[in-house]
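Working notes, structure below.
Numbering (my numbering), first residue to last: 32 to 239.
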């Protein structure tokens, strides 16, 4: 199934295909369709990972891509190729470190804030220029990444994401995220949460 979808460039939902197939097989709907869909998809997801590794993609790149989504088979391969290419670049390591700093601080804040998406970034709470600069770059990058993902230009989407490194580094150098002022702290976390969400449109960079 995976190889056919890849060879024919069938760019549709693997999970939806499984569900429709099971419904046709079980017309009386006597079984637990959703549970079976998840089990079959989980099996195929593992096969996707194994096939990618067998084809020479590094395990961490595969994990970063597949853990976000393995639902569109051609997209998975093309994203893996784009990320593998970026990973081989000499400046990737500092880029990955910047990504991980964002993800790690979001994870650390989870005990205090269960759902960062409930917060919106308030520009009036910015105290430093580096906050405004990061937010401005983020909004521009979000637009470009979304457009390139729709066009399936995954290499350019990654280049766009990578452009966040410098303002992210400046942000961490310029402010104390976990400041005592609760409103400012939550606002900074909301900004980082938005950036983390943008990263995960493509991959889970914390796995690299």
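C-beta: ideal position from N, C-alpha, C; glycine also.
Residue 133 is positioned such that its CB atom lies no closer than 8 angstroms to that of residue 218. Residue 99 is positioned such that its CB atom lies no closer than 8 angstroms to that of residue 118. Within the segment 33-107, the complete alpha helix (DSSP H) runs of at least 4 residues fall at 33-38, 45-56, 64-85, 90-97. Relative to the Cα of residue 233, the nearest Cα in the group 196, 78, 111, 72 belongs to 111. Note that the C-beta distance between residue 208 and residue 216 is below 8 angstroms.
Within a 10 Å sphere around the beta-carbon of residue 185 sit 16 or more other beta-carbons, which makes this residue buried. Across the set 131, 53, 159, 44, the C-alpha of 131 shows the shortest separation from the C-alpha of residue 231. DSSP places residue 198 within a helical segment (H, G or I) once states are collapsed to three. Taking C-alpha positions only, residue 51 is separated from residue 84 by approximately 29 angstroms. Comparing alpha-carbon positions, the option among 189, 178, 144, 32 lying closest to residue 235 turns out to be 189.
With respect to residue 127, residue 200 sits apart: the two C-beta atoms are not nearer than 8 angstroms.
With a cutoff of 8 angstroms on beta-carbon distance, residue 220 and residue 162 are scored as not near each other. When the five nearest sequence neighbours on each side are left out, the beta carbons in the same chain lying within less than 6 angstroms of the beta carbon of residue 115 are those of 88, 92, in order along the chain. By the criterion of a C-beta distance shorter than 6 angstroms, residue 165 is surrounded in its chain by 198, 202, once the five residues flanking it on both sides are discounted.
One thing to note: residue 177 has its Cβ no nearer than 8 angstroms to the Cβ of residue 103. For residue 123, same chain residues with a beta-carbon under 7 angstroms away, outside a window of 5 residues either side, are 117 in chain order.
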